[in-house]
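Here the structure is laid out as structure tokens; the discussion comes afterwards.
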Amino acid sequence: MDERKGSFRLLKIVAIGVAVGFFSFLVYAGFIYFTLQKIKDPRKCFVTSMYNVNLCPKNESYVTFKRLPPHLVRALILSEDASFYSHKGLDWFEIKESFRRNFKEWRFARGGSTISQQLAKNLYLSKEKSIHRKVKEFLLAKEIEKLLSKSQILEKYFNVVEFGDGIYGIDAAARHYFDKAPDSLNVLESAYLISLLPNPKNYGSSFKNKKLSKTNIFRMKIILGRLYRTQKISDEIFVFCEQLIDGYEWPFPHYSNPFHDDLFDSVEEELLQELGESEGGEPSPVDYEQEVIDAVKEYQESYGEQEPIEAEENQGDLETEIPPTEPEQKQNLGEQDQEMNEEPNAIETEKEAPDAASDSNHIDQ
Numbered sequence: 013m014d015e016r017k018g019s020f021r022l023l024k025i026v027a028i029g030v031a032v033g034f035f036s037f038l039v040y041a042g043f044i045y046f047t048l049q050k051i052k053d054p055r056k057c058f059v060t061s062m063y064n065v066n067l068c069p070k071n072e073s074y075v076t077f078k079r080l081p082p083h084l085v086r087a088l089i090l091s092e093d094a095s096f097y098s099h100k101g102l103d104w105f106e107i108k109e110s111f112r113r114n115f116k117e118w119r120f121a122r123g124g125s126t127i128s129q130q131l132a133k134n135l136y137l138s139k140e141k142s143i144h145r146k147v148k149e150f151l152l153a154k155e156i157e158k159l160l161s162k163s164q165i166l167e168k169y170f171n172v173v174e175f176g177d178g179i180y181g182i183d184a185a186a187r188h189y190f191d192k193a194p195d196s197l198n199v200l201e202s203a204y205l206i207s208l209l210p211n212p213k214n215y216g217s218s219f220k221n222k223k224l225s226k227t228n229i230f231r232m233k234i235i236l237g238r239l240y241r242t243q244k245i246s247d248e249i250f251v252f253c254e255q256l257i258d259g260y261e262w263p264f265p266h267y268s269n270p271f272h273d274d275l276f277d278s279v280e281e282e283l284l285q286e287l288g289e290s291e292g293g294e295p296s297p298v299d300y301e302q303e304v305i306d307a308v309k310e311y312q313e314s315y316g317e318q319e320p321i322e323a324e325e326n327q328g329d330l331e332t333e334i335p336p337t338e339p340e341q342k343q344n345l346g347e348q349d350q351e352m353n354e355e356p357n358a359i360e361t362e363k364e365a366p367d368a369a370s371d372s373n374h375i376d377q
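Residues in the sequence shown are numbered consecutively from 13, following the numbering used here.
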């Protein structure tokens with residue numbers, strides 16, 4: 013009887029402690045909110061606080077949302093913030109999971125920041141790691157969500173995020189790593205750039221070593237697996253990328269490989285002319301995509317397997333195209349996030365990966 017009373021008393025003390033702690037946190041957050049200085053309008057030109065990046069739509073290096081490849085945007089969302097289109101700045105499921113794991117391991121083992129929070133940190137805060145800064149990040153993310161649309165948030169994010177030592181923004185990253193404009197990035201290149209986040213200085217060592225590390229390959233395969241599992245890339249593209257990623261060396265294949273963008277452009281131009289003349293006008297997107305893939309296959313049979321050709325796909329409205337993620341799906345993504353920080357293992361996807369020998373039967377139309 014005394015033991016039960018003791019246990020009940022202990023639980024009561026713990027419950028009171030949690031309640032007091034939560035109330036204190038709310039008071040603390042409220043104090044920060046009311047003392048927080050008015051933020052600079054992210055829609056206007058200004059210099060960011062963390063890295064002193066001149067963020068201005070008038071700059072030549074500024075990349076608008078329309079110039080961002082759809083697969084690059086999707087890779088970021090699936091890698092960093094699966095519920096981006098359904099939350100208002102904070103993802104409470106991720107916050108809860110991060111707190112649970114970090115408390116269990118007694119270290120910072122898992123982050124829970126949304127893209128909006130990461131943007132707030134890059135725009136207005138310092139590199140300091142503290143509860144005070146984290147609370148500010150929460151509040152600023154909510155303010156950003158009020159000022160900007162989801163597309164604008166992604167646009168600003170891609171123009172300020174760090175992709176390496178002194179490399180800020182997607183334009184600088186695309187030109188530094190691939191010597192091309194960001195709107196020309198293919199799926200594999202996009203997967204590589206997103207795999208650098210959130211620690212580009214460590215994950216970007218492959219560029220210096222002239223060969224992808226096991227960690228890079230593993231992280232890229234997770235991103236490709238997510239794109240494939242959520243049907244954001246076709247069977248064809250997934251197989252091509254899987255074949256190329258192991259042993260992927262610098263310079264990347266499009267620099268020295270005869271099967272590069274120029275060849276694809278010439279195939280594309282010839283097909284448009286040929287189909288336009290034979291059918292009395294331009295082909296439909298589906299027919300055109302099929303013809304391009306057939307031409308690619310014919311070339312591969314003659315010259316062997318080369319760089320993956322990215323099939324044309326309709327970008328559509330990303331805000332309606334990526335539905336809110338259910339807790340069960342997010343749990344799966346969270347488990348893969350955990351794997352990305354551990355030793356590489358085989359990537360499991362809900363959608364069975366197509367066999368390279370039979371990929372011709374799985375063309376995404």
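For every residue, glycine included, the Cβ atom is placed at its ideal position computed from N, Cα and C.
Have a look at K78 and I107 and give me their C-alpha separation to the nearest angstrom.
On the sequence shown, residue 78 is found 66 positions in, with the first residue counted as 1. On the sequence shown, residue 107 is found 95 positions in, with the first residue counted as 1. Taking the straight line joining both Cα atoms gives about 31 Å.
What does a CB cutoff of less than 6 Å around S91 pick up in its chain, not counting 5 residues either side in sequence?
Residue 91 sits at position 79 when you count from the first residue of the sequence shown. The answer, listed in chain order, is I206 and I235.
Mapping DSSP to helix, strand and coil, what is I229?
Position 217 of the sequence shown, counted from the start, is the residue given in the question as residue 229. Three-state result, I229: helix.
So, are the CB atoms of P54 and K168 less than 8 Å apart?
Counted from its first residue, the sequence shown places residue 54 at position 42. Counted from its first residue, the sequence shown places residue 168 at position 156. A contact, by the Cβ cut-off of 8 Å.
So within the stretch 131-184, which uninterrupted alpha helix (DSSP H) runs reach at least 4 residues, ignoring any that extend past its ends?
Within the stretch 131-184, the complete alpha helix (DSSP H) runs of at least 4 residues are 143-159 and 162-172.
So, are the CB atoms of S128 and G101 less than 8 Å apart?
As a first step, residue 128 must be located in the sequence shown, where it is residue number 116. As a first step, residue 101 must be located in the sequence shown, where it is residue number 89. In contact: S128 and G101 (Cβ atoms closer than 8 Å).
Identify the continuous alpha helix (DSSP H) that holds C253 and give its terminal residues.
In the sequence shown, residue 253 corresponds to position 241, counting from 1. Taken as a continuous stretch (DSSP letters only), the alpha helix (DSSP H) holding C253 covers D247 to I257.
Quick check: what's the CA-CA separation for E201 versus S98?
On the sequence shown, residue 201 is found 189 positions in, with the first residue counted as 1. On the sequence shown, residue 98 is found 86 positions in, with the first residue counted as 1. Going by the C-alpha atoms only, they are around 27 Å apart.
Thinking L224 and G216 are a contact (beta carbons under 8 Å), I'd like their distance in whole angstroms, please.
Here residue 224 corresponds to residue number 212 of the sequence shown, with the count starting at 1. Here residue 216 corresponds to residue number 204 of the sequence shown, with the count starting at 1. 11 Å between Cβ atoms; not a contact.
With a threshold of 8 Å between beta-carbons, can K213 be considered close to chain B, or not?
The structure shown contains no chain B, having only a single protein chain.
For F111, does the three-state DSSP call read helix, strand or coil?
What you label residue 111 is simply residue 99 of the sequence shown in a count that begins at 1. Helix.
With 16 other CB atoms within 10 Å as the buried threshold, where does L159 fall?
The count along the sequence shown starts at 1 and reaches residue 159 at position 147. So L159 counts as exposed.
Where L256 and F250 are concerned, what is the direct C-alpha to C-alpha distance, given to the nearest angstrom?
The residue you call residue 256 lines up with position 244 of the sequence shown. The residue you call residue 250 lines up with position 238 of the sequence shown. Cα to Cα, L256 sits roughly 10 Å from F250.
Taking the C-alpha atoms as reference points, what is the distance between C253 and I245?
Within the sequence shown, the letter at position 241 stands for residue 253. Within the sequence shown, the letter at position 233 stands for residue 245. So the two alpha carbons sit approximately 11 Å from each other.
Can you tell which of D183, H188 and K56 has the C-alpha that lies nearest to the C-alpha of D195?
Walking along the sequence shown from the start, residue 195 turns up at place 183. Closest by alpha carbon: D183.
Figure out for me which residue from C68, V199 and V65 has the closest Cα to the Cα of E248.
Sequence index remark: in the sequence shown, residue 248 carries index 236 (1-based). Nearest C-alpha to E248: V199.
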